[in-house]
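Novice:
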Amino acid sequence: MSSLIEKLQSIKDRWIDVSQQIVDPEIISDMKRYVKLNKEYSDLKIIVDAYDEYSNVLANIDSSKEILSNEKDEEFREMAKLEFDELQKRRKDLEEEIKVMLIPKDADDDKNVIIEIRAGAGGDEASIFAGDLYRMYTKYIDNQGWKHDVMTMNEGTSGGFKEISFEVSGANVYAIMKFESGVHRVQRVPQTETQGRVHTSAASVAVLPEAEEVDVKIDPSDIKKDTYRASGAGGQHVNKTESAVRLTHLPTNTVVECQDGRSQLKNYEKAMKVLRSRIYEAEVEKREKEIAAERKSQVSTGDRSAKIRTYNYSQGRVTDHRINLTLYNLDAIINGDLGAVVDGLRMAANAEKMKDGLRDENAVN
């Protein structure tokens with residue numbers, strides 16, 4: 046109890062300090078610092094409000110105890126007992142809520158993301174499945190009130206995509222979408238199958254936290270830029286001009302292509318955004334693998350090659366293998382109803398973090 050109060054009080058002290066800083070003219074003139082402090086102020090205020098309510102509940106519990114100890118009037122004692130029971134329940138609820146609030150956030154949780162979907166094993170059916178995943182995500186994104194913008198695409202010969210990448214912007218996008226990275230499998234009778242046999246195909250999903258220029262410094266001399274005529278969808282105008290852009294980051298041999306727009310400049314800007322995010326994500330992945338190796342978390346986002354989920358059409362089943370979650374509402378999920386899956390993953394990840402926090406506290410004590 047005392048350690049929780051001490052932790053909450055230190056957070057409130059920090060919130061008071063930040064609230065004073067954001068009205069300082071010197072800080073207001075530094076936009077990057079001002080925006081960062083404003084974000085911290087908003088995040089801390091949620092915890093501070095819960096702490097204020099928690100302190101009030103504890104004070105009222107003490108008052109109720111005093112009444113029960115000293116009051117002789119039975120009717121008044123009964124009222125005090127009812128209030129005491131309600132306050133005790135609220136105290137327990139608040140403690141659980143605050144514990145969740147105190148779980149350390151990923152440094153990138155507030156970032157927008159770039160999602161890359163690539164067809165894997167399974168030929169044309171894998172491309173069709175990649176298209177299904179893209180549609181599933183865009184419907185979920187629309188339901189969340191987020192925005193999405195296609196960065197680049199390479200269509201499959203029988204539908205879907207060999208590869209598609211798109212930007213997603215909104216509140217806490219990475220926090221919610223980060224566990225989608227990995228290999229997704231589908232088990233069904235392909236559209237291209239004439240004998241009704243069930244095939245297993247796969248597509249990989251990568252969720253990259255979108256990197257700003259301040260996150261990744263790229264020396265322009267380290268980039269090789271090539272332009273070429275776009276192919277596939279986009280219209281005659283695109284194909285007649287060298288609007289498509291290919292960027293190669295020489296130190297890491299990272300290659301990014303973008304041919305979605307008609308403007309070479311816009312394609313270049315999109316390609317740079319993806320390039321920054323891929324280089325940044327490589328560092329994030331390295332860090333997460335180190336954490337996963339240390340903690341052995343079952344809901345790690347560090348292994349992009351891991352098979353994470355199976356969509357079985359004949360059984361109407363979706364199984365997430367990391368948390369042993371099986372749901373029999375495949376039609377709803379593939380049409381964007383990802384809430385139960387996303388919530389299950391986030392709860393499991395938070396439970397892991399809470400366990401880690403307890404282990405760290407016990408080690409200190």
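For this note's numbering, add 45 to where a residue sits in the sequence shown, where the first one is 1. Built from N, CA and C at the ideal position, the CB exists for glycine as well.
#1: Candidates Arg122, Ile379, Ser266 and Glu257: which alpha carbon is nearest Tyr325's?
#2: Take the Cβ of Lys398 as the centre, count every other Cβ of all protein chains shown within 10 Å, and call the residue buried at 16 or more, exposed below.
#3: Indicate the three-state DSSP secondary structure (helix, strand or coil) for Ile368 in the structure shown.
#4: Suppose the cutoff is 6 Å on Cβ atoms and the five residues either side in sequence are ignored; what does the same chain contact list for Trp60 look like?
#5: For my contact list, Ala125 and Ile112 are in at a C-beta cut-off of 8 Å; report their separation, rounded to the angstrom.
#6: Pop quiz: Leu178 and Val250 are said to be a contact at Cβ under 8 Å. What is the actual Cβ separation, rounded to whole angstroms?
#7: Residues in its own chain within less than 8 Å of Gly361 by CB, not counting five upstream and five downstream?
#8: Can you tell me whether Ala166 is helix, strand or coil according to DSSP?
#9: What did DSSP end up calling Ser87 once you bin it into helix, strand or coil?
#10: Excluding the five sequence neighbours on either side, which residues of its own chain have a C-beta within less than 6 Å of the C-beta of Gly279, listed in chain order?
#11: Compute the Euclidean distance between the alpha carbons of Ala104 and Leu132, then round it to the nearest angstrom.
#12: Taking the alpha carbon of Val195 as the reference point, which residue from His229, Ile160, Gly167 and Ala171 has its own alpha carbon closest?
#13: Quick check for students: name the residue ranges of the alpha helix (DSSP H) that lie wholly in the region 46 to 125, counting only runs of 4 or more.
#14: Should Met76 go down as buried or exposed, given a rule of 16 or more other Cβ atoms within 10 Å for buried?
#15: Using the Cβ count rule (16 or more neighbours within 10 Å means buried), how would you classify Ile91?
#16: Considering only the beta carbon of each residue, do Ala247 and Ala351 sit closer than 8 Å?
#17: Buried or exposed for Arg242, please, with buried defined as at least 16 other CB atoms from any protein chain shown within 10 angstroms of its CB.
#18: For the region 161 to 238, list the beta strand (DSSP E) runs that are entirely contained and at least 3 residues long, ordered along the chain.
#19: Using the rule of at least 16 other Cβ atoms within 10 Å of the residue's Cβ for burial, across every protein chain shown, is Asp153 buried or exposed?
#20: In this structure, does DSSP put Asn357 in helix, strand or coil?
#21: Identify, in the order they occur along the chain, each residue of the same chain with its Cβ nearer than 8 Å to the Cβ of Gln240, setting aside the five sequence neighbours on each side.
#22: Can you grab the Cα-Cα spacing for the pair Ala393 / Ser114, in whole Å?
#23: Check the DSSP bridge columns for Asp271 and list the partner residues they point to.
#24: Comparing alpha-carbon positions, which option in Lys81, Lys400, Tyr356 and His366 lies nearest Val231?
#25: Mind checking Gly384: buried by the 16 CB within 10 Å criterion, or exposed?
#26: So does the region 213 to 231 actually touch the region 180 to 197, counting three or more Cβ pairs closer than 8 Å?
#27: Within a Cβ cutoff of 8 Å, which residues of the same chain sit near Phe206, ignoring the five residues on either side of it in sequence?
#28: Counting only the same chain and skipping the five closest in sequence on each side, list residues whose C-beta sits under 7 Å from that of Ile67.
#29: Run through DSSP, which three-state label would Ala351 get?
#30: So, with DSSP's three-state summary, where would you put Ser322?
#31: Which residue comes first and which comes last in the alpha helix (DSSP H) that contains Ala377?
#32: How is Ile148 classed by DSSP in three states: helix, strand or coil?
#33: When burial is assigned at 16 or more other CB atoms within 10 Å of the CB, is Lys117 buried or exposed?
#34: Flag this pair as yes or no: are the beta carbons of Ile72 and Tyr99 separated by less than 8 Å?
#35: Determine the burial state of Leu310: buried for a count of at least 16 other Cβ atoms within 10 Å of its Cβ, exposed for fewer.
#36: From the DSSP output, in three-state form, read off Leu253 for me.
Specialist: The structure says:
#1: Glu257
#2: buried
#3: coil
#4: Leu89 and Val93
#5: 4 Å
#6: 7 Å
#7: Tyr373, Asn374, Leu375 and Asp376
#8: coil
#9: helix
#10: Because Gly279 sits at a pLDDT of 41, beneath the cut-off of 50, its placement in the model cannot be relied upon, and the point is left open.
#11: 10 Å
#12: Ile160
#13: 47 to 66, 70 to 73 and 76 to 115
#14: exposed
#15: exposed
#16: no
#17: exposed
#18: 192 to 200, 206 to 214 and 227 to 233
#19: buried
#20: strand
#21: none
#22: 43 Å
#23: Arg291
#24: Tyr356
#25: exposed
#26: yes
#27: Ile162, Ala164, Ser172, Ala175, Gly176, Tyr179, Met198, Asn199 and Glu200
#28: Tyr79, Leu82, Asn83 and Tyr86
#29: coil
#30: helix
#31: Leu375 to Ile379
#32: coil
#33: exposed
#34: no
#35: exposed
#36: strand
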